[in-house]
Each structure stands twice: as C-alpha cells, then as structure tokens.
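For the sequence shown, numbering that gives the first Met the number 0 gives the first residue as 0, with consecutive numbering after it.
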Amino acid sequence: MLSAITSRSTEPAEQSAVRLLVPLPARERRSSLPTVHLSDHDQPVAANLLDRRFEAERPNQHWVGDVIELLTGEGKLYLALILDLFSRMVVGWVLSAASDRHLALRVLEQALRRRCPEAGLLRDTDQGSPCASEDYQRVLAAHGIICSMSRRGNAPDNAAMKSWLSTMTFELGDRFETAADAKTKLFDYVEVFYDQERRHSTLGYLSPGEFVKERSRWTPSALPTGWRSP
0 MLSAITSRST EPAEQSAVRL LVPLPARERR SSLPTVHLSD HDQPVAANLL DRRFEAERPN
60 QHWVGDVIEL LTGEGKLYLA LILDLFSRMV VGWVLSAASD RHLALRVLEQ ALRRRCPEAG
120 LLRDTDQGSP CASEDYQRVL AAHGIICSMS RRGNAPDNAA MKSWLSTMTF ELGDRFETAA
180 DAKTKLFDYV EVFYDQERRH STLGYLSPGE FVKERSRWTP SALPTGWRSP
C-alpha cells in the first residue's frame with residue numbers, strides 16, 4: 000500500500016516516514032471527523048468568496064484551513080492547519096490544548112512567516128468565533144488578506160481541507176499516547192512525509208514540494224515575491 004502512495008529510497012528521513020505509516024493497512028477511513036466550529040457569536044461573517052473553487056494558479060492565492068480534535072492519554076488536543084490550494088502544501092500547523100482565537104492566530108501567523116504572501120491572498124475559514132474575532136480580522140487586514148467564510152453547516156464548502164484531514168487520520172490516526180508523541184508524529188507526517196514526499200493525482204503525481212519546485216523551474220514569474228521554496 001505504501002508503494003501506491005509514493006516511491007521512496009532508504010534515506011533516514013524517509014525511513015522515519017515509512018515507520019510512521021506501518022499501521023496503514025489496519026485503518027479505516029472515517030465518514031466524519033471531529034472538527035471544531037465555534038459558531039455562536041455576534042461578530043460579522045464574510046461571504047463565501049472561495050465558492051468551492053479548490054484550485055489556484057499561483058502560490059499564496061487561496062488558503063483553506065480547519066481545526067480538528069485529537070485524543071491523547073493526557074487529554075484532548077486541537078490541531079489547526081492551513082493549506083495552500085496551489086500545491087496542497089501545509090503552510091502552517093499548530094497544536095494546542097484549547098481551540099480558541101489564540102490558536103487561530105498562531106497558525107495564521109506561522110503561515111505568514113513561512114510564506115510571506117502578497118496582498119490579495121484569499122483566506123477561507125469557517126464562521127467560528129476565532130476567525131471572526133476582531134484580533135483575527137485585524138491581522139488579515141494588516142496583510143491585505145481577503146477573508147472568505149464557508150457557509151454554516153456546509154462541509155462541502157471546505158471539501159479540500161476535509162479531504163486532507165480524512166487522509167491524515169486514515170494514514171496517521173487521531174489518537175496518540177501523549178501530547179509530545181502527537182507533536183513528534185505530526186511533525187514527521189506533515190514536514191517530512193506529506194509536504195515533501197506524498198504524491199497527489201491533482202499535482203501530476205508529484206509531492207507538494209516537488210510540484211512547487213517543478214513549477215518554479217518552468218514558470219518562475221508565477222512565484223510571488225518573498226516565496227521561499229521548501
């Protein structure tokens with residue numbers, strides 16, 4: 000089954016990813032995921048500008064994201080992620096014991112530091128209070144980022160991110176021994192395996208990292224100022 004996902008050599012980092020995915024055959028895809036939505040608030044909500052256009056012509060054009068609940072022997076954790084629809088690369092991910100605006104801000108600020116997007120980026124979120132908060136909207140405005148929000152109770156509006164989360168929980172799982180165990184395994188999965196090695200049919204069977212390098216080789220003008228190749 001591993002060979003169907005990606006071909007790999009025996010370099011140390013790749014061996015780490017192989018060990019990470021040994022339990023693959025025993026897992027079943029879940030029909031629903033414990034994602035987190037805090038929608039009861041009185042803050043303004045943005046229109047659904049992304050409108051299920053799950054593609055982009057260049058990096059930092061469309062970002063989507065979500066928060067998922069994970070379980071450990073020490074209690075619950077919340078994983079927040081941001082995905083660039085151009086390459087399907089995870090540009091930000093943060094673990095926290097609480098799902099609140101601080102988590103939403105931390106993952107956004109991480110993605111901004113990593114990718115340095117130009118003004119005009121469309122950031123699609125849910126209608127939850129963390130992303131609707133004044134603090135979050137202030138950061139978006141300061142960077143010239145356009146806010147889009149999926150419609151309430153409409154999972155297909157965020158189908159690209161839901162698909163990523165379904166793949167992650169299928170390949171890695173959503174239960175860990177400890178918070179430290181979760182952080183280590185998620186780092187290996189996201190930074191070592193997924194972004195750099197996992198192949199996608201939508202990317203011509205390249206990994207996100209390979210896709211960005213390939214596109215930058217042939218169309219360097221498509222990459223925005225400040226883009227840092229992985």
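Note that the Cβ used here is the ideal one computed from N, Cα and C, for glycine as well.
Computed from a predicted structure; not experimentally measured.
Please report the distance separating the alpha-carbon of residue i from that of residue j.
i, j, result
"valine 17", "leucine 185", "Confidence in valine 17 is poor, its pLDDT being 44 and thus under 50, which makes the residue's placement too unreliable to answer from."
"lysine 75", "glutamine 195", "28 Å"
"valine 89", "phenylalanine 175", "21 Å"
"glycine 64", "leucine 49", "12 Å"
"isoleucine 4", "alanine 141", "Residue confidence for isoleucine 4 is low, a pLDDT of 39 falling below 50, so the modelled location carries little weight; the figure read from the coordinates is stated next. Near 40 Å, if we compare the C-alpha coordinates of alanine 141 and isoleucine 4."
"leucine 120", "arginine 57", "10 Å"
"aspartate 41", "leucine 205", "43 Å"
"alanine 118", "glycine 72", "42 Å"
"threonine 166", "arginine 197", "11 Å"
"aspartate 187", "alanine 181", "10 Å"
For the beta strand (DSSP E) holding residue i, just list the boundary residues, first then last.
i, result
"leucine 107", "First-last for leucine 107: 100-114, but that is the alpha helix (DSSP H), not the beta strand (DSSP E)."
"alanine 118", "Here alanine 118 belongs to no beta strand (DSSP E), and DSSP marks it neither H nor E."
"leucine 185", "Segment 178-186 is the alpha helix (DSSP H) holding leucine 185; no beta strand (DSSP E) there."
"serine 147", "145-148"
"threonine 233", "Lying outside 0 to 229, the shown extent of the chain, residue 233 is not represented and no answer is given."
"serine 95", "88-95"
Check whether chain B comes within 8 Å of residue i, counting only Cβ atoms and requiring the distance to be less than that.
i, result
"valine 93", "No chain B is part of this structure, which consists of one protein chain only."
Give a yes or no on whether the C-beta atoms belonging to residue i and residue j are separated by under 8 Å.
i, j, result
"isoleucine 81", "valine 106", "yes"
"serine 86", "leucine 164", "no"
"leucine 70", "aspartate 173", "yes"
"leucine 111", "alanine 79", "no"
"asparagine 153", "proline 116", "no"
"leucine 171", "aspartate 134", "no"
Using a Cβ-Cβ cut-off of 6 Å (strictly less than) and excluding sequence neighbours within five positions of residue i, which residues of its own chain qualify?
i, result
"aspartate 124", "The question names aspartate, yet the displayed sequence has threonine at residue 124. Here the set comprises Cys130 and Met148."
What does a CB cutoff of less than 7 Å around residue i pick up in its chain, not counting 5 residues either side in sequence?
i, result
"glutamine 109", "Gly91 and Val93"
"alanine 45", "Cys146, Ser147 and Met148"
"alanine 99", "Checking the displayed sequence, the identity of residue 99 turns out to be aspartate instead of alanine. Pro129, listed in sequence order."
"phenylalanine 53", "Leu84, Ala158 and Ala159"
"glutamate 213", "Leu205"
Between which two residues does the alpha helix (DSSP H) carrying residue i extend?
i, result
"alanine 79", "From DSSP, alanine 79 is part of no alpha helix (DSSP H) but of the beta strand (DSSP E) over 74-83."
"leucine 139", "133-141"
"serine 165", "158-170"
Enumerate in chain order the residues of its own chain whose CB-to-CB distance from residue i is below 8 Å, with the five nearest sequence positions on each side excluded.
i, result
"arginine 51", "Pro155, Asp156 and Ala158"
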